[in-house]
Amino acid sequence: KQSITPPGDSLILAGEEANEVITGFSKPVKYSLHLVNTSSYLLNKMSSQIIISVMLVALTTISFVVLFRNLIRQRKLTELKNDFISNITHELKTPIATVSVAVEALKNFNALEDPKRTQEYLDISANELQRLSLLVDKVLRLSMFEKQEIELKNESFELNTLVLEVIASMRLQFEKYGADVRTDFPPGNTEISGDRMHITSVVYNLLDNALKYSKGKPVINVSIKQKVDIVELEVEDNGPGIASEYRDKIFEKFFRVPSGNLHNVKGYGLGLSYVAYVVERHNGNIGVESAAGSGSIFKISLPG
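Following the working numbering, the numbering of the sequence shown begins with 2 at its first residue and continues without gaps.
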């Protein structure tokens with residue numbers, strides 16, 4: 002074999018009978034590749050994939066949060082609904098049982114021979130049936146309002162006159178609890194347009210709540226203020242007040258503020274939700290100013 006070394010570092014081996022040529026380098030050769038600004042280049046090329054990935058992660062996280070909150074809310078609504086069913090079932094049974102006892106007494110204990118006792122039993126039965134009717138009516142009204150099945154019968158009337166009529170109709174209840182009801186009405190016009198029957202129910206519910214939740218001797222202040230294009234009705238009580246964490250929930254269906262030692266107060270969590278529905282249907286606003294231990298002021302604004 003013969004070694005041929007051409008210029009440079011290459012090496013070639015060849016022989017007379019060789020049928021191949023071997024080439025190589027006499028010294029090791031090192032190759033290197035230098036890239037500049039690789040991070041910005043890769044980021045630019047992968048930016049769309051990164052953005053999509055971040056959006057998907059964010060969307061998934063938000064979906065889980067919303068789902069979790071909905072599950073918590075649904076559980077609370079279920080608990081409130083179960084409490085409502087339990088309470089209203091008991092309240093439905095009470096007047097039925099009372100009337101049944103009165104009728105049984107009239108039939109079996111010769112009560113008909115005693116006119117005074119007969120009248121007493123009849124009065125008890127009438128009162129219980131009236132209470133039962135009001136309860137059923139309240140549930141049905143709220144249900145129809147939610148389904149938008151009620152058409153409001155708009156008419157013009159004086160709000161101060163209506164409020165005075167409701168106060169007069171509740172006179173016996175106020176006297177029973179020794180309530181002091183004070184009114185403050187403007188001398189001018191307090192005319193509004195709306196469904197008189199439902200506005201009457203709104204005023205009744207607010208006064209009834211003020212009476213039930215007052216501490217000691219009930220003191221209820223009812224005032225009307227005439228403003229530009231609106232009439233404001235305020236009902237203030239001297240009750241235990243409403244803590245800040247409950248003020249946004251009191252107009253929700255079935256919700257009742259934990260009443261502490263006022264466990265004897267009957268209620269179904271329907272009154273204020275019904276009031277809110279009626280006011281909303283009249284394009285009005287409702288709110289409450291209250292703090293724990295300082296009473297509450299319910300405010301309603303209706304178009305004049």
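The beta-carbon is built from N, C-alpha and C at its ideal position, and this holds for glycine as well. A quick note: this is a predicted structure, and the numbers were derived from the prediction, not measured.
Sub-8 Å separation of residue i and residue j beta-carbons
i, j, result
"Ile243", "Ser297", "yes"
"Asp209", "Asn155", "no"
"Lys218", "Asp181", "yes"
"Ile231", "Pro304", "yes"
"Gly294", "Pro241", "yes"
"Asp194", "Ser157", "The question names Asp, but residue 194 is Ser in the sequence shown. Closer than 8 Å, so yes."
"Asn222", "Glu233", "no"
"Phe175", "Glu235", "no"
"Leu141", "Arg282", "no"
Integer Cβ distance of residue i from residue j, believed to fall under 8 Å
i, j, result
"His199", "Val258", "24 Å between Cβ atoms; not a contact."
"Thr184", "Leu160", "Wrong, their Cβ atoms sit about 12 Å apart, outside the cutoff."
"Leu133", "Leu93", "7 Å"
"Ala207", "Val276", "According to the sequence shown, residue 207 is Leu rather than Ala. Correct: roughly 7 Å between the Cβ atoms."
"Leu130", "Thr119", "With a Cβ gap of about 16 Å, Leu130 and Thr119 do not count as contacting."
"Gln227", "Gly189", "6 Å"
Near the ligand PLP: residue i beta-carbon under 7 Å from a heavy atom
i, result
"Val280", "Inclusion of the ligand PLP in the displayed structure is not the case, the ligand content being empty and no account of it being possible."
Cβ neighbour criterion (16 or more within 10 Å) applied to residue i
i, result
"Thr39", "exposed"
"Tyr178", "exposed"
"Ile52", "exposed"
"Phe252", "buried"
"Pro96", "buried"
"Ile73", "exposed"
"Ile63", "exposed"
"Ala292", "exposed"
Spatial neighbours of residue i in its chain, beta-carbon cut-off 6 Å, leaving aside the 5 residues before and after
i, result
"Asn265", "Because Asn265 carries a pLDDT of 48, less than 50, the predicted location of this residue cannot be relied on, and the following value inherits that uncertainty. Answer for Asn265: no residue qualifies."
"Lys254", "Ser274"
"Glu290", "Ile298"
"Val204", "Val164, Val167"
"Phe186", "Asn161, Ile225"
"Ser215", "Asp238, Asn239, Gly240"
"Leu263", "Low local confidence applies: a pLDDT of 46 at Leu263 is under 50, so the model's placement there is unreliable, and no value is given."
"Ala211", "Ile221, Val236, Asp238"
"Ile287", "Ala277, Val280, Ile301"
7 Å CB neighbourhood of residue i in its chain, flanking five on each side removed
i, result
"Val220", "Asp181, Asn239"
"Tyr247", "Val258"
"Thr201", "Leu163, Val167"
"Tyr122", "Ala103, Ala106, Leu107, Ala112"
"Gly9", "Residue placement at Gly9 is poorly supported in this model, since its pLDDT is 49, which falls under 50; the coordinates are not used for a value here."
Own chain partners of residue i with C-beta closer than 8 Å, once the 5 adjacent residues on each side are dropped
i, result
"Ser126", "Thr99, Val100, Ala103, Val104"
"Met171", "Tyr205, Leu208, Asp209, Leu212"
"Arg70", "none"
"Gln50", "none"
Threshold first: 3 residues or longer. Then list the beta strand (DSSP E) segments lying entirely within the region 122-199, N to C.
155-159, 181-185, 192-196
Can you list, in chain order, the stretches of the alpha helix (DSSP H) that have 4 or more residues and sit fully within the region 270-304?
272-282
Alpha helix (DSSP H) runs contained entirely in the region 209-251, provided each spans 4 or more residues
245-248
Would you mind listing the alpha helix (DSSP H) stretches within the region 40-83 that are 4+ residues and don't spill past its ends, in chain order?
none
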